[in-house]
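Everything below concerns the one structure shown next.
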Amino acid sequence: KQTFPIDFAPFSNSCFVTAYNPEFDDPPMESEFAIYKDNKKVFDFPSRFNGVEFGCWVEAVAFEDLNGDNLKDIIVAGKCSAKTAPYNENMVYVNTGNTFTTDENANYKLADFDKIKDIISFAKNNRNIFFKE
Numbered sequence: 163k164q165t166f167p168i169d170f171a172p173f174s175n176s177c178f179v180t181a182y183n184p185e186f187d188d189p190p191m192e193s194e195f196a197i198y199k200d201n202k203k204v205f206d207f208p209s210r211f212n213g214v215e216f217g218c219w220v221e222a223v224a225f226e227d228l229n230g231d232n233l234k235d236i237i238v239a240g241k242c243s244a245k246t247a248p249y250n251e252n253m254v255y256v257n258t259g260n261t262f263t264t265d266e267n268a269n270y271k272l273a274d275f276d277k278i279k280d281i282i283s284f285a286k287n288n289r290n291i292f293f294k295e
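Going letter by letter, the sequence shown gives residues 163 to 295 in this note's numbering.
Written out as structure tokens, the structure is:
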């Protein structure tokens, strides 16, 4: 488990939590992530791991305003298992002020990145892909 306190709209005084099935802990497959407040799940992220349902885990997470709208977006560096080697399933969750949205087609452009800083840099330099005006 990993828990990160967050205090920004739309989920002030909350926590971003990652959890996984303890039967699969190396790597922590069957992972999920959500936002909790007062020990209750208040938000399930859409298209976790870009729709892959099993064998994925969170490598890193960051909270940063990627498009200059003063709303912190959530960036997740994810991995999924495969026969030959794990592959990336990275995601950018756009903060609308009311919820978080994502675009799987945009996220697929993040597949070559292993580090959260590289995902952030790509998203900032290609805002038109992730942020629809």
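For every residue, glycine included, the Cβ atom is placed at its ideal position computed from N, Cα and C.
Residue closest to Ile197, alpha-carbon to alpha-carbon, out of Leu228, Gln164, Asn267, Glu215:
Among Leu228, Gln164, Asn267, Glu215, the Cα nearest to that of Ile197 belongs to Gln164.
Using the three-state DSSP reduction, which class does Asp169 fall into: helix, strand or coil?
Three-state DSSP puts Asp169 in a strand.
Per DSSP, Val220 forms a beta bridge with which residues?
Paired residue(s): Gly240.
Asp206 in three-state terms, based on DSSP:
Reduced to three states, the DSSP call for Asp206 is strand.
Would you kindly check if the distance between the Cβ of Glu251 and the Cβ of Val223 is under 8 Å?
Not closer than 8 Å, so no.
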